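Peer 1:
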Amino acid sequence: MSTAPRLRRLVPVLAVLVTAVTVSACSNTPATDTGAPAALSGSGPATLWVRAADEPLDKALVAAWNTANPDRKITMLTVPDAQYVQKYVQAVRSGDTPDLAAVDIANVKSLTSQNLLTDITAQVNALPYKGELAPAGVDISTVDGKIYALPHQLDVSMLYYNKALFTKAGLDPAKPPTTLDELVNAARKITALGDGTYGFTMAGNCAGCNAYTLLPYIWASGGDIMNADGTKATLDSPAVAAALNAHKTMWDEKLMPPAAKDDNGATWLTGFQSGKVGMVALGSFGVSVYKADKNLDFGVTAIPGSQGTSAFLGGDVIGISKGAKNAQTAWDFIAWSMSADVQKTVVANTGQLTVRADAADNAATQAEPRLLVANKLIATAKVPVTAKYNSLFIDPTGPYLKFLRDWIFVGDTAKAISTGNDGFRSRLAS
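Count the sequence shown with mature numbering (1 follows the signal peptide of the UniProt record, and there is no 0) and you get residues -25 to -1, 1 to 405, in order.
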């Protein structure tokens, strides 16, 4: 996810290589549940490009693979998040192609639209656990029935809530909000505690943060901000109005701290961590950040809307580059990384979510049940379907952030919709 990579770097880097060596005793061929994919060309050492924000897990996976497969080692190159897509496009078109690409799940449409990934449909269909894989991760990587990538490293947005503040405000910490009305009412009761306490916060001037955390409120209200094929904005839909009006109400009633309006993501986590904010929507990576504070008793739940709950599926998918010289090794690595043993050990032990539903309940999530909540949200989490994701939703000068700010903080709904539609049309046409 291209939300706020600097926030993910707050998560402590675990000693994942120790775990990797332990798991590397597995066979030097893919585990038995990886299916019997059709043969691809090239089975020598391979190269893998990863995003800087997601480096720790990939280091662990590569170390485990290389120990078990000394003749087919993977060489990993870490690319800065903001430069990844541009550098990858240049590499493939120049012929200096990495065999494997772990790409932001929201950007895979940009790569498939440029025909930069290899069709792996036959290999995927041979996997006995295909139906266990994160649905949105597979769907976003599928074009005209052909699959070009699979879920690799996942994160989901959730609603975090302070249990102590819930109790103090007369709310049941075992029953977090499941609707927008409940969200706003909980924010009112927590803010009423006084002493500089606020019910809710958001990073009001961070485009990516609000793609990741605010879009689920819209999805959970029965609609979307764009049409099904990602070619047109639907900013005047009832679902958009329900979600944004709830946030506008919380801002207008001063249920958010004043700093929320201009927060670019730099202080997004701190209010909740200090115990002065009751609720915040954040990625599942926040569990590792917040649990380090033994004085913070928090819970997590799905993000509510007017018609249910939802989540944004962030993280990476992984595919084989068009023109890869060692495509068979690349596929074997992908299949091995998704095996149940690797998911339950290397992946889970780094504090990451599993890409398979049948691996979600493991020793790590039993020890940290909040990650099990996150794992279970993967089944219904969504991803915006557009090849223009960065331009629309991540660019701080893009139409999405201005649309939100005009609606929530300025309070001019008509202007927000009109200007927003113009901005979306312009970016989609470029």
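Heads up, the beta-carbon is just placed ideally off N, CA and C, and yes, glycines get one too. Given the structure is predicted, the values throughout are model-derived calculations rather than measurements.
Using the three-state DSSP reduction, which class does Gly290 fall into: helix, strand or coil?
Peer 2: Taking the sequence shown and counting its residues from 1, the one referred to as residue 290 is at position 315. Looking at Gly290 - three-state DSSP - the assignment turns out to be strand.
Peer 1: Can Arg26 and Ala81 be called in contact, C-beta distance under 8 Å?
Peer 2: By one-based count along the sequence shown, residue 26 stands at place 51. By one-based count along the sequence shown, residue 81 stands at place 106. Against a cut-off of 8 Å, the Cβ pair of Ala81 and Arg26 comes out as no contact.
Peer 1: Near Leu91, which residues of its chain fall below 6 Å by C-beta distance, leaving aside the five closest residues on each side in sequence?
Peer 2: For the purposes of this step, residue 91 is identified with residue 116 of the sequence shown, where counting begins at 1. Correct list, in chain order: Val67, Lys297.
Peer 1: Give me, in chain order, the residues of the same chain whose beta-carbon lies closer than 6 Å to that of Gly398; leave out the 5 immediate sequence neighbours on both sides.
Peer 2: Counting from 1 along the sequence shown, the entry for residue 398 is found at position 423. Excluding sequence neighbours, Gly398 sits near Pro374.
Peer 1: Taking 8 Å as the cut-off, does the region 204 to 216 touch the region 307 to 324 (at least 3 CB pairs, one atom from each stretch)?
Peer 2: Because the criterion of three Cβ pairs below 8 Å is not met, the region 307 to 324 and the region 204 to 216 do not touch.
Peer 1: Measuring CA to CA, which of Asp227, Ser263, Trp306, Val118 is closest to Thr340?
Peer 2: Taking the sequence shown and counting its residues from 1, one reaches residue 340 at position 365. The candidate whose alpha carbon is nearest that of Thr340 is Ser263.
Peer 1: Contact between the region 320 to 327 and the region 154 to 165 is defined here as three or more beta-carbon pairs at a separation below 8 Å; is this criterion met?
Peer 2: Contact fails: fewer than three Cβ-Cβ distances are below 8 Å.
Peer 1: With a Cβ-Cβ cutoff of 8 Å, do Thr93 and Leu140 count as a contact?
Peer 2: Against the sequence shown, residue 93 aligns to sequence position 118. Against the sequence shown, residue 140 aligns to sequence position 165. Result no, Cβ atoms of Thr93 and Leu140 do not sit closer than 8 Å.
Peer 1: Taking only the alpha-carbon atoms, compute the straight-line gap between Ala124 and Ala167 and give it to the nearest angstrom.
Peer 2: Against the sequence shown, residue 124 aligns to sequence position 149. Against the sequence shown, residue 167 aligns to sequence position 192. Cα-Cα distance, rounded: 48 Å.
Peer 1: Are three or more beta carbon pairs between the region 97 to 115 and the region 147 to 157 nearer than 8 Å?
Peer 2: Touching, no, given that fewer than three Cβ pairs across the two stretches are closer than 8 Å.
Peer 1: Please tell me whether Val64 and Gln98 are closer than 8 Å, where the distance is taken between their beta carbons.
Peer 2: To locate residue 64, count along the sequence shown from 1; it is residue 89. To locate residue 98, count along the sequence shown from 1; it is residue 123. No.
Peer 1: Indicate whether Leu288 and Ala28 have their beta-carbon atoms separated by less than 8 Å.
Peer 2: The residue labelled residue 288 in the question sits at position 313 within the sequence shown. The residue labelled residue 28 in the question sits at position 53 within the sequence shown. Result no, Cβ atoms of Leu288 and Ala28 do not sit closer than 8 Å.
Peer 1: Please check the pair Thr209 and Gly198, which I expect to be a contact at CB under 8 Å, by giving their CB distance rounded to whole angstroms.
Peer 2: Numbered from its first residue, the sequence shown carries residue 209 at position 234. Numbered from its first residue, the sequence shown carries residue 198 at position 223. About 7 Å separates the two Cβ atoms, so the contact holds.
Peer 1: Assuming Leu52 is part of the beta strand (DSSP E), what are its boundary residues?
Peer 2: As a first step, residue 52 must be located in the sequence shown, where it is residue number 77. From DSSP, the beta strand (DSSP E) with Leu52 extends over 49 to 54.
Peer 1: Could you please give the first and the last residue of the uninterrupted beta strand (DSSP E) stretch that includes Asn202?
Peer 2: Reading the sequence shown from its first residue, position 227 is the one you call residue 202. No beta strand (DSSP E) contains Asn202, which DSSP labels as neither H nor E.
Peer 1: Report back the beta-carbon spacing between Ile353 and Leu328 to the nearest angstrom; my notes put them in contact at under 8 Å.
Peer 2: Counting from 1 along the sequence shown, the entry for residue 353 is found at position 378. Counting from 1 along the sequence shown, the entry for residue 328 is found at position 353. Right, the Cβ-Cβ distance comes to about 6 Å (below 8 Å), so this counts as a contact.
Peer 1: How big is the Cα-Cα spacing for Ala234 and Phe384?
Peer 2: The count along the sequence shown starts at 1 and reaches residue 234 at position 259. The count along the sequence shown starts at 1 and reaches residue 384 at position 409. In a straight line, the C-alpha of Ala234 is about 12 Å away from that of Phe384.
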